[in-house]
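Asker: Numbering (UniProt numbering), first residue to last: 1 to 199. Submitted below is the structure of interest, expressed as structure tokens.
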């Protein structure tokens with residue numbers, strides 16, 4: 001979704017002939033060539049888990065995060081007897097890196113229970129005109145991007161919870177999820193928690 005100030009809305013828009021979607025998309029791309037993306041704002045999204053301890057460790061994986069640094073900290077914490085659970089979250093390009101971190105943790109600590117939630121979160125991209133003197137206003141582009149939240153626990157979790165994996169399970173969930181995703185069938189694993197807050 002792209003929003004702009006009312007000053008850029010043409011009064012003759014209703015008189016324009018209908019164009020197929022492909023033509024409109026091509027026109028939009030040409031218009032966006034006059035802009036550059038200057039900022040990305042992630043909208044807050046509630047975690048898709050209930051009854052989490054208030055002091056739970058959340059590893060927020062970013063696209064530029066170093067896996068070695070993330071896992072050095074995460075493993076050192078989970079090896080403590082007092083730490084029972086850890087949460088890995090990532091979105092957009094960081095989803096695959098989040099999965100990698102989870103698999104490393106499960107191979108280091110063998111008896112971890114897992115619940116995985118796949119969802120969508122909203123970001124806002126701020127686009128500024130390349131040539132300020134052109135008289136164009138800044139644009140705000142809203143996008144829904146995939147995100148993943150993985151809870152790992154030393155203590156037993158509800159096996160009936162969607163996304164549950166027992167200790168010793170490694171690649172099965174990811175293979176099935178990616179297979180369903182490629183077929184457009186991720187409804188069973190997608191949690192629409194954020195979408196209600198976006199509307």
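Using N, Cα and C, we set each Cβ at its ideal position, and we do this for glycine too.
Pick helix, strand or coil for residue 82, following the three-state DSSP scheme.
Answerer: coil
Asker: Locate the alpha helix (DSSP H) running through residue 99, then write down its first and last residues.
Answerer: 95-108
Asker: Could you pull out every residue in the same chain whose Cβ sits closer than 6 Å to the Cβ of residue 85, ignoring the five residues on either side in sequence?
Answerer: 56, 153
Asker: Can you tell me whether DSSP reads residue 147 as helix, strand or coil?
Answerer: strand
Asker: Name the two residues that bound the continuous beta strand (DSSP E) containing residue 120.
Answerer: 113-129 is the extent of the beta strand (DSSP E) around residue 120.
Asker: Among the residues of its own chain, which have a CB less than 6 Å from the CB of residue 136, if the five just before and after it don't count?
Answerer: 129
Asker: Would you call the CB atoms of residue 122 and residue 42 closer than 9 Å?
Answerer: yes
Asker: On a CA-only basis, which of 149, 127, 142 is nearest residue 39? Give me that one, please.
Answerer: 127
Asker: Please report how far the alpha carbon of residue 157 lies from the alpha carbon of residue 164, in whole angstroms.
Answerer: 8 Å
Asker: Strictly by DSSP, which residues pair up with residue 39?
Answerer: 126
Asker: Using three-state DSSP, classify residue 57 as helix, strand or coil.
Answerer: strand
Asker: Suppose contacts are defined by Cβ-Cβ distances below 9 Å. Is residue 48 in contact with residue 149 by that definition?
Answerer: yes
Asker: Rounded to a whole number of angstroms, what is the C-alpha to C-alpha distance between residue 62 and residue 111?
Answerer: Distance from the CA of residue 62 to the CA of residue 111, rounded to the nearest whole angstrom, comes to 26 Å.
Asker: Could you name the residues that DSSP lists as bridge partners for residue 72?
Answerer: Partner residues in a beta bridge of residue 72, as assigned by DSSP, do not exist.
Asker: Nearest to residue 141 by CA position, among 124, 64, 151, is which residue?
Answerer: Per the Cα distances, 124.
Asker: Could you have a look at residue 92 and say whether DSSP puts it in helix, strand or coil?
Answerer: In the three-state scheme derived from DSSP, where H, G and I count as helix and E and B as strand, residue 92 is classed as helix.
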